[in-house]
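>
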Amino acid sequence: MAKVKQKKERTFLQDLLNFQGSLNGKSQFLDKVRLKGAEGVRNTPFPTKKLEDWKYISLRDLYRDSYELASELDVEVPDFSEHYLPESEQSRLVFINGSYSEAHSTTEALPDDVTIGNIAQLAAEDNELLKEHLNTYAQNNFEDDVFTAFNSAFLKDGAFIHVPEGKTVDTPIHLLNIQTDAEEHYFATPRTVIAAEQDSEVTVIEDHIGLADNKYFNLPVVEVNLEEGAHVKHTKIQRDSRKAIHIARTAAFVAKHADYESYTITRGAKLSRNEPRISQRDEEVEFTVDGLVLIDGDQVSDTHSVMDHRFSHAESHQLHKCVINGKAHSVFNGKIFVQRDAQKIDSFQENRNLLLSRKGLVNTKPQLEIFADDVVCTHGATVGQLEQDELFYLKSRGLNEQQARELLIYAFALETIENISVDSVQELLAEEVRNFTKRQLDSELAV
Amino acid sequence: MLEIKDLHVCVEEDGTEILKGVNLTINEGEVHAIMGPNGSGKSTLSKVVAGHEAYEVTQGDILFEGESILELEADERAHLGLFLAFQYPVEVPGVTNKNLLRQAYNTIAQEQGREELDPLQFEDYAKEKLDLIKMKPEFIERSVNAGFSGGEKKRNEIFQMAVLDPKISFLDETDSGLDIDALKTVANGINQIADDDNAVVMVTHYQRILDYITPDHVHVMIDGEIAKSGDKDLAIKLEEQGYDWLIEPATASVNGEQQ
Ligand SMILES: Nc1ncnc2c1ncn2[C@@H]1O[C@H](COP(=O)(O)OP(=O)(O)OP(=O)(O)O)[C@@H](O)[C@H]1O
Ligand SMILES: [Mg+2]
Numbered sequence: 008m009a010k011v012k013q014k015k016e017r018t019f020l021q022d023l024l025n026f027q028g029s030l031n032g033k034s035q036f037l038d039k040v041r042l043k044g045a046e047g048v049r050n051t052p053f054p055t056k057k058l059e060d061w062k063y064i065s066l067r068d069l070y071r072d073s074y075e076l077a078s079e080l081d082v083e084v085p086d087f088s089e090h091y092l093p094e095s096e097q098s099r100l101v102f103i104n105g106s107y108s109e110a111h112s113t114t115e116a117l118p119d120d121v122t123i124g125n126i127a128q129l130a131a132e133d134n135e136l137l138k139e140h141l142n143t144y145a146q147n148n149f150e151d152d153v154f155t156a157f158n159s160a161f162l163k164d165g166a167f168i169h170v171p172e173g174k175t176v177d178t179p180i181h182l183l184n185i186q187t188d189a190e191e192h193y194f195a196t197p198r199t200v201i202a203a204e205q206d207s208e209v210t211v212i213e214d215h216i217g218l219a220d221n222k223y224f225n226l227p228v229v230e231v232n233l234e235e236g237a238h239v240k241h242t243k244i245q246r247d248s249r250k251a252i253h254i255a256r257t258a259a260f261v262a263k264h265a266d267y268e269s270y271t272i273t274r275g276a277k278l279s280r281n282e283p284r285i286s287q288r289d290e291e292v293e294f295t296v297d298g299l300v301l302i303d304g305d306q307v308s309d310t311h312s313v314m315d316h317r318f319s320h321a322e323s324h325q326l327h328k329c330v331i332n333g334k335a336h337s338v339f340n341g342k343i344f345v346q347r348d349a350q351k352i353d354s355f356q357e358n359r360n361l362l363l364s365r366k367g368l369v370n371t372k373p374q375l376e377i378f379a380d381d382v383v384c385t386h387g388a389t390v391g392q393l394e395q396d397e398l399f400y401l402k403s404r405g406l407n408e409q410q411a412r413e414l415l416i417y418a419f420a421l422e423t424i425e426n427i428s429v430d431s432v433q434e435l436l437a438e439e440v441r442n443f444t445k446r447q448l449d450s451e452l453a454v
Numbered sequence: 146m147l148e149i150k151d152l153h154v155c156v157e158e159d160g161t162e163i164l165k166g167v168n169l170t171i172n173e174g175e176v177h178a179i180m181g182p183n184g185s186g187k188s189t190l191s192k193v194v195a196g197h198e199a200y201e202v203t204q205g206d207i208l209f210e211g212e213s214i215l216e217l218e219a220d221e222r223a224h225l226g227l228f229l230a231f232q233y234p235v236e237v238p239g240v241t242n243k244n245l246l247r248q249a250y251n252t253i254a255q256e257q258g259r260e261e262l263d264p265l266q267f268e269d270y271a272k273e274k275l276d277l278i279k280m281k282p283e284f285i286e287r288s289v290n291a292g293f294s295g296g297e298k299k300r301n302e303i304f305q306m307a308v309l310d311p312k313i314s315f316l317d318e319t320d321s322g323l324d325i326d327a328l329k330t331v332a333n334g335i336n337q338i339a340d341d342d343n344a345v346v347m348v349t350h351y352q353r354i355l356d357y358i359t360p361d362h363v364h365v366m367i368d369g370e371i372a373k374s375g376d377k378d379l380a381i382k383l384e385e386q387g388y389d390w391l392i393e394p395a396t397a398s399v400n401g402e403q404q
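Protein sequences, first through last, are from chains Y and G.
Here the first sequence is numbered in our numbering, starting from 8 and rising by one per residue.
Here the second sequence is numbered in our numbering, starting from 146 and rising by one per residue.
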C-alpha cells in the first residue's frame with residue numbers, strides 16, 4: 008500500500024535527474040553544486056497537499072505536465088527593450104529562457120571593483136568570490152527544500168553580484184529574466200547571488216517577464232548576504248506568463264547593523280509560490296519583507312515567509328497586500344520566529360486583502376512563535392472590499408466608476424510600493440495597478 | 146435651475162420612507178437654507194440629489210435645467226454641475242487631494258467641453274482656490290481628508306467646491322465644527338464662489354452662518370417634508386423659538402382629523 012503511494016508521488020521531475028549530468032563539464036565547482044542538488048532531489052519527495060505548508064495549493068499541473076530544461080539560446084527573440092529601466096541603462100544583466108544574453112547585457116555604469124556577471128562565465132573562470140558565496144545561503148536556509156535542490160541540480164546560469172567593503176553602488180542593477188514562447192513546457196532555474204560586504208550598499212531589481220502566453224516552469228533561487236552595516240534594497244517583480252508556474256526561494260542573511268529591504272510584486276503566473284526566509288546573523292539589524300499581489304482570473308498566489316529573529320535588537324517589517332479578483336486565490340503564511348535569546352525585538356506583520364469578487368478566495372495565517380519575553384510583535388490580517396462610501400465620494404466629485412476604482416485600488420497598493428527607491432519601477436508598478444484595474448472592469452462588463 | 150417635485154424617497158435596503166413629498170425650486174443666483182430637526186431628512190435630500198445609491202426614489206422627480214436626473218449616476222450629475230459638500234466627509238487614504246481634484250476637474254471639463262488643465266496649470270489654479278478659503282498649500286498634497294480635523298475636513302469640502310466650480314452646491318452642515326474665525330473665512334469663500342449663474346443650498350442648524358451668507362429663502366424640513374418656507378427672518382425666529390411651533394399644529398390637525 009505504502010509502496011503504491013510512494014510511486015504516485017514520484018514525478019517526472021525526479022526522472023529528469025538522468026539528464027542533469029549533461030550540464031556538467033565546464034566547471035568543477037558547479038558540477039559539485041549540481042551533484043549535491045541532485046542528491047537532495049533524490050532524497051526529498053516533492054510536496055503534496057498533505058503537508059501543512061502546501062495544503063492550500065495544488066501542484067498537480069506541475070507534476071502532471073512534463074517540462075524540459077530550456078535549450079541553449081539560438082532563437083529569434085522579440086524586442087523587449089520596452090522593459091529596460093532608464094536608471095539601469097548601463098547596469099543590466101539579461102537572461103533569456105534561463106540563458107545569459109551577452110548582447111542585451113551591459114554593466115558599464117558599475118564601478119570596477121564590483122564583481123558582476125553571469126554565474127556560468129564566472130564559474131568557468133573559477134572565480135573565488137563566486138565559490139565562496141554561491142549556494143552557501145540557499146543551502147543553509149532551504150536545506151530540506153526539494154525545489155531549492157532542484158534549482159541546484161539544474162543550475163545552468165544566473166546573476167552574481169559582489170559589492171566590496173565600503174562601496175555604495177548608486178546605479179540600480181536590473182536583472183531581467185525574459186521568457187519567450189520559443190519553446191513550450193520548459194523549465195528555467197535562474198540563480199541570483201547578492202553578496203554585500205561590510206558597509207556596502209546596492210539596489211537590485213529582479214524582474215521576471217513572460218513575453219507570451221506559454222506554459223513554463225520558473226524556479227528562481229535568490230541568495231542575499233549582508234555583512235556588517237550593509238544595505239541591500241531588493242525589489243522583485245514577477246510578471247511571468249499567465250500559464251506559467253513560478254516557485255521562488257529567497258534566502259537572506261543579515262549581519263550586525265545591516266538592513267535588508269525587500270519588496271516583492273506578484274502579478275503574473277498561473278500559480279506562484281514565494282518563500283522568502285530572512286535570518287538574523289547578529290544583533291541590531293533591520294529587515295523589510297513587503298509584498299504586493301495583484302491576481303485575477305484563475306491565478307493562485309501563495310506566499311510563505313519566515314522571519315527568523317535569532318539575536319537581540321531587530322526591527323522587522325512585513326506588509327503584505329493582496330488584491331484579488333475573479334476566481335483568484337491568495338494564500339499567505341507569515342512565520343515570525345523570535346528565538347530564546349533574541350530580546351528587544353520589534354516586529355510588525357500585516358496581511359491585508361482587498362477582495363474584489365465573490366469568487367475570489369483568501370487564506371491567511373500570520374504566525375508568531377516567540378520564545379523570548381522582551382519583544383513587541385504586532386501582527387494581523389484583514390480581508391475587505393472596496394468601501395462604498397469612498398466610491399460614492401469620489402463619484403460625487405465627477406470620477407466615473409473606473410476612475411474611482413482605479414484610484415482606490417492604487418491607494419490600497421501604494422503603501423507597498425512607495426518606498427521602492429527607483430522611480431521608474433514605481434511608475435511601472437502604478438501602471439501595472441492601472442492595467443489590473445482595467446482588466447477587472449473589462450471582465451466585469453463581459454459577464 | 147433645480148426643481149424637486151413631490152419627492153418621495155425610501156431606504157433601498159428596508160423600504161423605510163424618509164422623504165415624503167419634498168417640493169423645492171432653486172433658481173440661478175439664489176442662496177437657500179434648509180433647517181430642521183435632527184433626522185428630518187436634510188442629508189438624505191442632499192445625497193439623493195447627488196445620486197447616492199442607498200436610496201430609492203419612489204415618487205416625484207428631480208429636474209436639473211428642465212431634465213430629469215433620476216437615471217443619472219453620481220458622476221454624471223457631477224458632470225452637469227451638481228456638488229455635495231458632505232456632512233461627514235469621507236477619508237480616502239492614499240488618494241491625494243491634488244490627484245483626485247485634477248482628475249475630477251479634467252473629467253468635468255471634458256464632459257462640459259471646456260479646456261483641461263495640465264499638472265502645472267492645475268497647480269496654479271488650485272493655489273488660487275486655496276487662497277480663497279485660506280487653506281494651507283500642504284493640504285492639497287495630503288490624502289483626501291485622512292487625519293484631517295473636523296474643521297479641516299469641512300474647509301476641504303469648500304476647497305473642492307471652489308475647484309470644481311459647480312452650478313449648484315448642497316452644503317450639508319458645512320458650518321458645524323468650524324471655529325468662529327474659520328466660519329467667517331469659509332463663509333467669505335462661499336460668498337465669492339456664489340454668483341448670478343450658480344446656486345447654493347446650505348443645510349444648517351444655526352443662524353450664525355446666515356449672518357455672513359444671506360439666504361434668499363429659508364426652508365424648514367420636518368419629518369421628510371418642507372413644513373415651512375420664508376426669508377431670512379424665518380431663520381431668526383427658529384433660532385429664538387426652536388421647531389416646536391411648527392411641529393405642534395401639524396400633530397394637532399392630524400389628531401383633529403382622527404377625532
Ligand atoms: N441609509 C439609511 N439607512 C437607514 N436609515 C437611514 C439611512 N439614511 C437615513 N436614514 C434615516 O433617515 C432619517 C433622516 O436622516 P438624515 O441624515 O437625512 O437626517 P438629517 O435631517 O440630515 O439629520 P441631522 O440634522 O442630524 O444631520 C434618520 O432617521 C436616519 O436614521
Ligand atoms: Mg444631516
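Using N, Cα and C, we set each Cβ at its ideal position, and we do this for glycine too.
In this text, all values refer to a predicted model and were calculated from it rather than measured experimentally.
So for Y/K243, helix, strand or coil by DSSP?
Assignment of Y/K243 by DSSP, reduced to helix, strand and coil, places it in the strand class.
> Any beta-carbon of chain Y closer than 8 Å to the one on G/I214?
no
> Taking any heavy atom of ligand 2 as the mark, which residues have a C-beta closer than 7 Å to it, listed down the chain?
G/K187, G/S188, G/Q232, G/D317, G/E318, G/V348
> Could you check if G/G160 is buried or exposed, using at least 16 other CB atoms within 10 Å of its CB as the buried criterion?
Result: exposed.
> Let me see if you follow: with CB-CB separation under 8 Å, is G/V399 close to chain Y or not?
Caution applies to G/V399, whose pLDDT of 48 falls short of 50 and renders its modelled position unreliable; the value that the coordinates give is listed next. Chain Y, which has no Cβ nearer than 8 Å to the Cβ of G/V399, makes this no.
> Looking at C-alpha atoms only, which residue of G/H177, G/Y250, G/F228 is the closest neighbour of G/V193?
In this structure, G/F228 is the residue among G/H177, G/Y250, G/F228 with its C-alpha nearest to the C-alpha of G/V193.
> Compute the beta-carbon to beta-carbon distance between Y/L183 and Y/H90, rounded to the nearest angstrom, for a pair I have assumed lies under 8 Å.
6 Å
> State the Cα-Cα distance for the pair G/K201 and G/E162, rounded to the nearest angstrom.
Reading off the sequence shown, one finds Glu at residue 201 of chain G, where the question assumed Lys. Going from the Cα of G/E201 to the Cα of G/E162 covers about 9 Å.
> By the three-class DSSP mapping on this structure, what secondary structure does G/V193 have?
helix
> What do you get for Y/G391, buried or exposed, if any count of 16 or more other CB atoms within 10 angstroms of its CB means buried?
exposed
> In chain order, which alpha helix (DSSP H) runs of at least 4 residues are fully inside the region 229-307 of chain G?
Counting only runs of 4+ residues, the alpha helix (DSSP H) found wholly inside the region 229-307 of chain G occupies 242-256, 264-277, in chain order.
> How is Y/S354 classed by DSSP in three states: helix, strand or coil?
strand
> Which residue comes first and which comes last in the alpha helix (DSSP H) that contains Y/T423?
408-424
> Say yes only if the C-beta of G/T161 is nearer than 7 Å to one or more non-hydrogen atoms of ligand 4, and no if none qualify.
Among the ligands present in this structure, namely ligand 1 and ligand 2, ligand 4 is not found.
> Could you tell me which chain Y residues have their CB closer than 9 Å to the CB of G/V235, listed as they occur along the chain?
E394, D396, E397, F399, Y400, L401
> Ordered along the chain, which non-local residues of its own chain (more than five positions away) have a Cβ less than 7 Å from that of G/K274?
Taking C-beta separations shorter than 7 Å and ignoring five residues to either side along the sequence, the partners of G/K274 in its chain run F304, A307, V308, following chain order.
> Is any non-hydrogen atom of ligand 1 found closer than 7 Å to the C-beta of Y/S98, if you look at the structure I gave you?
no
> Spatial neighbours of G/G296 within its chain, please: C-beta separation below 8 Å, excluding the five flanking residues on both sides.
G322, L323, D324, A327
> CA-CA distance, Y/I254 and Y/K328?
19 Å
> Cβ of G/N251 within 7 Å of any heavy atom in ligand 1?
no
> Nearest to G/P238 by CA position, among Y/Y417, Y/V338, Y/L69, Y/Q433, is which residue?
Selected option, being the one with the closest Cα: Y/Y417.
> Y/Q21 versus chain G: which residues are under 9 Å apart at the beta carbon?
Those do not exist, as Y/Q21 stays about 47 Å from chain G at its closest Cβ, beyond 9 Å.
> Look up Y/S248 in the DSSP assignment and say whether it is helix, strand or coil.
coil
> Along chain Y, in chain order, which residues have C-beta atoms closer than 8 Å to that of G/T252?
G405, L406, N407, Q410
> So what's Y/S269 in DSSP terms, helix, strand or just coil?
When DSSP states are grouped into helix, strand and coil, Y/S269 belongs to the strand group.
> Would you kindly report the start and end of the unbroken alpha helix (DSSP H) that includes Y/R198?
Looking at the DSSP string, Y/R198 is not in any alpha helix (DSSP H); the run it does join, the beta strand (DSSP E), is 198-203.
> Does DSSP classify G/L323 as helix, strand or coil?
The three-state secondary structure of G/L323, taken from DSSP, is coil.
> Short of 8 Å in beta carbon distance, which residues of its chain neighbour Y/D60, apart from the five on each side in sequence? Order them along the chain.
P54, H311, N340
> Could you tell me which chain Y residues have their CB closer than 8 Å to the CB of G/L229, listed as they occur along the chain?
S403
> For G/V354, tell me which candidate among G/G166, G/K150, G/H177 has the shortest Cα-Cα distance.
Here residue 354 of chain G is Ile; the residue named in the question, Val, does not match the sequence. G/I354 has its Cα closest to that of G/H177, out of G/G166, G/K150, G/H177.
> Is Y/S279 close to ligand 1? I mean its beta-carbon at under 7 Å from any heavy atom of the ligand.
no
> Would you identify the three-state DSSP class for Y/K138, choosing helix, strand or coil?
helix
> Should Y/D151 go down as buried or exposed, given a rule of 16 or more other Cβ atoms within 10 Å for buried?
Exposed is the label assigned to Y/D151, since fewer than 16 other Cβ atoms lie within 10 Å of its Cβ.
> Is G/V156 near ligand 1, in the sense that its beta carbon is under 7 Å from a heavy atom of that ligand?
It does: the Cβ of G/V156 is within 7 Å (strictly closer) of some heavy atom of ligand 1.
> Relative to the alpha-carbon of Y/V211, which residue among Y/T196, Y/H169, Y/V345, Y/E408 has its alpha-carbon at the smallest distance?
Y/H169
> Touch check for the region 214-230 of chain G and the region 164-184 of chain G: three-plus C-beta pairs under 8 Å?
no
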